[in-house]
Every structure is written in structure tokens, then in C-alpha cells.
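Worksheet for the structure shown next.
There are 2 protein chains.
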Amino acid sequence: MLYFVGLGLSSKDISLKALDVLKRADRIYVDNYTSLFMNSDFKVVLSEYVDQAKVSFVDREFLEGEDYRRILKEAALRDIVIAVIGDPFIATTHIFIRIEAEKAGIPTKVIHAPSILSAGISATGLQAYKFGKSATIVFPEEEFFSTYPYEVLYDNLLRGLHTFFFLDIKVERSRLMRVEDALKLLLRMEEFENKGIIDLGALGIGLGRIGSDNE
Amino acid sequence: MLYFVGLGLSSKDISLKALDVLKRADRIYVDNYTSLFMNSDFKVVLSEYVDQAKVSFVDREFLEGEDYRRILKEAALRDIVIAVIGDPFIATTHIFIRIEAEKAGIPTKVIHAPSILSAGISATGLQAYKFGKSATIVFPEEEFFSTYPYEVLYDNLLRGLHTFFFLDIKVERSRLMRVEDALKLLLRMEEFENKGIIDLGALGIGLGRIGSDNE
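Chains as they are written, first to last, in the working numbering: chain A, 1 to 215; chain B, 1001 to 1215.
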């Protein structure tokens, strides 16, 4: 069996159900690249409940490269966990591994957990119904500056909908986008596109450390 | 302190953090009307960890009526929990109580949990980014049949976006809308609006019992 276990947004978000699965599993691969902030906390909580010898923290290359074949081979014989921060299938690419597992006849199971998508919307206090399409604001690359988030915002504003922006993270380079960085990028997009939808008086809500004690 | 604790989608979705708060709280009001299916399971899990004498299961009238004043009075002096299935602020009206508490100078805290919004999107395997506005398909009343969900679907389809439909629940009448009921209603909306977006060959994904063992 191949389990996809969501760990939630802070180390104590682990659910009773997730804990059951983690305790019983033969091997646990922890996605170590979707988030930065909680790795150390999370290691402490895991070590309290789970035999450390069976836990591997793995990087993007491992989970998005050819190593998934190794995981499938193991999961055909034993109980293997891929553990992911947040809910396992929000904004991650692990769905590919699930599809390959199901194709190979290996049963899979998902343990849900708080995701930034619902927890973030919940934390704003706004109606979930009134959110349109979401988008990620990414760090500009040297040769590339996308105004895509601006277009999504424009389209949602026309419809009277809120927009949820995810902020980029580059775990390999230990870079996390801050709210002020994202705002600066949005203002720069406004300069390019010039539709007059963002100025310094625009109302936005910045969210940080959602799910942590100083949310 | 007033805590809003998410219980998740099945009884074992309770997190370590939620359990800490529930154990320490002086009184726990459980929202008993947002969902039907898990109340009995949930009572069993709660009774394992929490002193039953301090737990009250309350109905919509209690949490949406004037009793919030009583809750605020208690929360000014002691640790009070409002426990809700799913994440506390997705599609519920408890945000009102939080705002009143903050106005009265009573500190509040949210414990996030899996919500049908993110768990449902996750369970489809589709990209969370590609969902537009969501809507609820409600049971038609005698004199009232709304085609609002159809309009939302139409608008999202025009823009190449998926639509997430919540299905109605009437806990007081023990009625849960099934996927086939929702599909019938969508086909009826098509008859009214006649934009040719839904026919028996349309692709949809029906989700049920998300978060439970037979998801």
C-alpha cells in the first residue's frame, strides 16, 4: 500500500489518523522541499512518535525524478508513506506517483490535512465562495517577468471575486517570498499592464505563518 | 480565550494541537449542524480524550442566535472552545462570533483542520490553481429554484476553469444531497437556461465521504 499523508501546516497539525499510519508504516519518505519553516519542529514531533530509522527526508529530485520507481517497488510489498506538508495533493506533483501506482495495481490512500488553500482562506475571514482562480507570485528570473498573477487578479476583480495568491518559495536557495516582496511585484506588474487595478490604496490581506502559533 | 477548533472530516482527523486545546479547555461547544455523518464516531473519539461533562453539542439556533453573548461572557474568564467539523471558517458563520469577541477584547485563536474545500480538490487530483468560483447546489424549495450554480459553471467553463460544487445538507431534516440528485438539478438548470453546457456526456467527478475510510 502507498499512503500519501498530509502533515498540515505546523508540526502539531499531525492528525490521529496520520499518526496511526506513520507508526505502522515500513518506510516514510518526507517531502522536504514544499515548505521551509517547519522542518526542524517537525523532525522533533516525528521522532517522538516514529522510529527514526525508517524516515528519509527527500528532495525534489528524488520525488519528481526516477526514484518513484523504487518507491512503487517497495509499495508493492510493504506499507510505504510519502509524507507532505499541507494536504498531499494541493500544489504538489505527487499525483503523478499516485497515478503510476494505481496503474501498477498498487492500492493508494490519502490522509488529508490542513492546507494553505483552505486555512488561508479561513484565516482571512472572507467567504470561501467568493474566491476566484488563484495564482502564484513567483520570483522574477533574470530574463523573465510574468504578469500572469496580475491578469488573474484583473479577471477576478471584474467578477467581484477575491484572489488568493500563493507566494513563491525556493527551498534550495532558502528563499521565501515576503508579503512586501509580493506587493512590490504586483505594483511592477501594474506599471507594465497599466489597467489601474492596483495602487497603494488597494486593500489586501497579507498572511504569514498560517497554522503556526504566531499566525 | 476563545478557540475555534477544526475537527476535520472524520473523527480521527483531530490533530495533536486540537487535542491539546480540547483537553485543556474549560468548556467545549460542538457545532452539531454543519455535517451529519460523523457525529457518532466523533463522540466516541472525543470521549476517549476529553471529559464529557464539559462538552455540549449545540444546534444552529444556538451558534447563530443570541447565545453567542453567553459564550463571550464565559470566554472573557476561561478557555472556551467552539469546535466545528472541517476548518472552522470555511462556509460557516462563526466568523461573526470571532469578530464580536475581538471587539470585546477577548483573544481568539484558530486551530485549522482538513476542509472539504482543500481535501475535495486534492481528492480530484486536479490542479488547485485551475478552480474558479465555487457554489452550493441547494435543495429546491417549493416556490424557489435557483440556477445560480449553473451560471457559476458557465462562467468558469468560458475561462477554462473547474468548478467545485458543495452539495446541500439539511441536518434538521436529516437530508444529504447525493451526487445523482445534484446532477439531476444541473440538468434541470440546463433545461431552463439552455446554454448547452451540460448534457449526459459531460465530465464530472462525484466525491463522497471525503476523509473517511471509504473515500
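For every residue, glycine included, the Cβ atom is placed at its ideal position computed from N, Cα and C.
Point to revise | Start-end ranges of the alpha helix (DSSP H) lying completely within the stretch 64-140 of chain A, minimum 4 residues | key: 68-77, 95-103, 116-124
**Study point:** Inter-stretch contact at 8 Å, needing at least 3 Cβ pairs: the stretch 121-132 of chain A / the stretch 174-185 of chain A
**Key:** no
Point to revise | Proximity below 8 Å, CB of B:V1084 to CB of B:D1031 | key: For this step, residue 1084 of chain B is matched to residue 84 along the second sequence. For this step, residue 1031 of chain B is matched to residue 31 along the second sequence. Yes. Within cutoff.
Point to revise | Under 7 Å by beta carbon: chain B residues contacting A:F89 | key: For this step, residue 89 of chain A is matched to residue 89 along the first sequence. In chain order: S1122, G1125.
**Study point:** chain A contact residues for B:I1219, given Cβ-Cβ distances below 7 Å
**Key:** Since the first and last residues shown for chain B are 1001 and 1215, residue 1219 of chain B lies out of range.
Exercise for review: Using the Cα positions of B:S1115 and B:F1165, report the straight-line distance between them to the nearest angstrom.
Suggested key: On the second sequence, position 115 is the one that residue 1115 of chain B refers to. On the second sequence, position 165 is the one that residue 1165 of chain B refers to. Taking the straight line joining both Cα atoms gives about 14 Å.
Point to revise | beta strand (DSSP E) runs wholly inside the stretch 1004-1036 of chain B, at least 3 long, in chain order | key: 1027-1031
Review point. Looking at chain B, which residues of the stretch 36-68 of chain A have a Cβ within less than 7 Å of any of its Cβ atoms?
Key: none
**Study point:** Cutoff 8 Å: B:K1170 Cβ touching any chain A Cβ
**Key:** In the second sequence, counting from the first residue as 1, residue 1170 of chain B sits at position 170. For B:K1170, the answer is no, since every Cβ of chain A falls outside 8 Å of its Cβ.
Check your understanding: Exposed or buried, which one is B:A1123 when buried takes at least 16 other CB atoms within 10 Å?
Key -> In the second sequence, the residue the question calls residue 1123 of chain B occupies position 123. Label assigned to B:A1123: buried.
Exercise for review: Can you tell me which of the three DSSP states B:K1161 falls into?
Suggested key: Against the second sequence, residue 1161 of chain B aligns to sequence position 161. Strictly speaking, residue 1161 of chain B in this sequence is Leu, with Lys absent from that position. B:L1161: coil per DSSP, three-state reduction.
Practice item. Could you tell me whether any Cβ in chain A is nearer than 8 Å to the Cβ of B:I1014? Key: Numbered from its first residue, the second sequence carries residue 1014 of chain B at position 14. Interface residue, yes.
Check your understanding: Below 8 Å between beta carbons: does that hold for A:I97 and A:I82?
Key -> Counted from its first residue, the first sequence places residue 97 of chain A at position 97. Counted from its first residue, the first sequence places residue 82 of chain A at position 82. Going by C-beta atoms, A:I97 is nearer than 8 Å to A:I82.
Check your understanding: In whole angstroms, what separates the C-alpha of B:I1095 from that of B:F1089?
Key -> Counted from its first residue, the second sequence places residue 1095 of chain B at position 95. Counted from its first residue, the second sequence places residue 1089 of chain B at position 89. Rounded to the nearest angstrom, the two C-alpha atoms are 6 Å apart.
**Study point:** Collapsed DSSP secondary structure at A:F216 in the structure displayed
**Key:** Outside the displayed range of chain A (1 to 215) lies residue 216 of chain A, so it cannot be described from this structure.
**Study point:** Partner residues on chain B for A:K17, Cβ-Cβ distance less than 8 Å
**Key:** If you number the first sequence from 1, residue 17 of chain A lands on position 17. Going along chain B in sequence order, the residues near A:K17 (Cβ under 8 Å) are S1010, K1012, D1013.
Exercise for review: With distances taken Cα to Cα, identify the nearest neighbour of B:H1162 among A:S134, A:D199, A:I198.
Suggested key: Position 162 of the second sequence, counted from the start, is the residue given in the question as residue 1162 of chain B. Selected option, being the one with the closest Cα: A:S134.
Exercise for review: Scan the stretch 96-114 of chain A for residues whose Cβ lies nearer than 9 Å to a Cβ of chain B and list them as they occur along the chain.
Suggested key: R98, I99, K109, V110, I111, H112, A113, P114
Practice item. Please work out which residues of its chain come closer than 7 Å, Cβ to Cβ, to A:A182, disregarding the five sequence neighbours upstream and downstream, and give them in chain order. Key: Taking the first residue of the first sequence as 1, we reach residue 182 of chain A at position 182. I137, F165, L167.
Check your understanding: When you compare each of A:D67, A:L72, A:Q52, A:D87 to A:L9 by their alpha carbons, which one comes out closest?
Key -> On the first sequence, position 9 is the one that residue 9 of chain A refers to. When only C-alpha atoms are compared, the closest one is A:D87.
Check your understanding: Under the DSSP definition of a beta bridge, which residues are partnered with B:K1170?
Key -> Position 170 of the second sequence, counting from 1, holds the residue named residue 1170 of chain B. B:K1170 is bridged to B:R1175.
Exercise for review: If I'm right that B:I1106 touches B:A1075 with Cβ under 8 Å, what's the distance once you round it to whole angstroms?
Suggested key: For the purposes of this step, residue 1106 of chain B is identified with residue 106 of the second sequence, where counting begins at 1. For the purposes of this step, residue 1075 of chain B is identified with residue 75 of the second sequence, where counting begins at 1. That pair is a contact at about 5 Å.
Point to revise | Listed by chain order, chain A residues near B:S1118 by CB distance under 7 Å | key: The residue you call residue 1118 of chain B lines up with position 118 of the second sequence. The contacting residues are D87, I90, S115, L117, S118.
**Study point:** Identified DSSP bridge partners for B:L1002
**Key:** Counting from 1 along the second sequence, the entry for residue 1002 of chain B is found at position 2. Answer is B:I1080, B:T1108, bridged to B:L1002.
Practice item. Classify B:I1121 as buried or exposed, calling it buried when 16 or more other Cβ atoms lie within 10 Å of its own Cβ. Key: Counting from one through the second sequence, the residue named residue 1121 of chain B turns up at place 121. Label assigned to B:I1121: buried.
Review point. Cα separation between B:R1159 and A:I14?
Key: Start at 1 with the first residue of the second sequence, and residue 1159 of chain B comes out as number 159. Start at 1 with the first residue of the first sequence, and residue 14 of chain A comes out as number 14. So the two alpha carbons sit approximately 37 Å from each other.
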